[in-house]
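Please read the structure below before turning to the comments.
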Amino acid sequence: MPIYEYRCQSCHLISSYFFKVAAAVAGAGVNCQHCGAAEPERIMSSFSRGRTDGDQLRDLDPRYYKMVDDTLGKAPPASDPEHYLKRMAPFSAAKSTGDPYFNE
Ligand SMILES: [Zn+2]
Numbered sequence: 020m021p022i023y024e025y026r027c028q029s030c031h032l033i034s035s036y037f038f039k040v041a042a043a044v045a046g047a048g049v050n051c052q053h054c055g056a057a058e059p060e061r062i063m064s065s066f067s068r069g070r071t072d073g074d075q076l077r078d079l080d081p082r083y084y085k086m087v088d089d090t091l092g093k094a095p096p097a098s099d100p101e102h103y104l105k106r107m108a109p110f111s112a113a114k115s116t117g118d119p120y121f122n123e
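All residue numbers for the sequence shown refer to our numbering, where the first residue is 20 and numbers rise by one.
Here's what the structure looks like:
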């Protein structure tokens, strides 16, 4: 269920609600979760705001990068994304590698 956020026009704090869409559009029965004022202003949820992949990467905890590095360091060589690329031969040299494609 989507999250809808409302900014209170009284205390200016943000309240978050899970809603079915129809109820949220109507804004029915929404009160500030902090001071109880009625009719808080609907704002765009941080989940629906347009964020680039770069924004999301910048927000990652720096410990995450270390975790990825540590995990990749312990992974077997065949799990290296470039493992198979490094083993590939250009087509012009493939015949001399004994590639079964050339066995007729
Ligand atoms: Zn309020």
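Every residue gets a Cβ at the ideal spot worked out from N, C-alpha and C, and that includes glycine.
* **Backbone secondary structure at A97 - three-state DSSP** => helix
* To do: Within its chain, find whatever has a CB closer than 7 Å to the CB of R26; leave out the 5 residues flanking it on each side and keep chain order.
  => I33, P59, E60 and I62
* To do: Assign V87 to one of two classes, buried (16 or more other C-beta atoms within 10 Å of its C-beta) or exposed (fewer than that).
  => exposed
* To do: Indicate, with yes or no, if ligand 1 has a heavy atom lying under 7 Å from the CB of A56.
  => yes
* Asked: Within the present structure, is the beta-carbon of S35 separated from the nearest heavy atom of ligand 1 by less than 7 Å?
  -> no
* To do: Give the range of the beta strand (DSSP E) segment to which S34 is assigned.
  => I33 to F37
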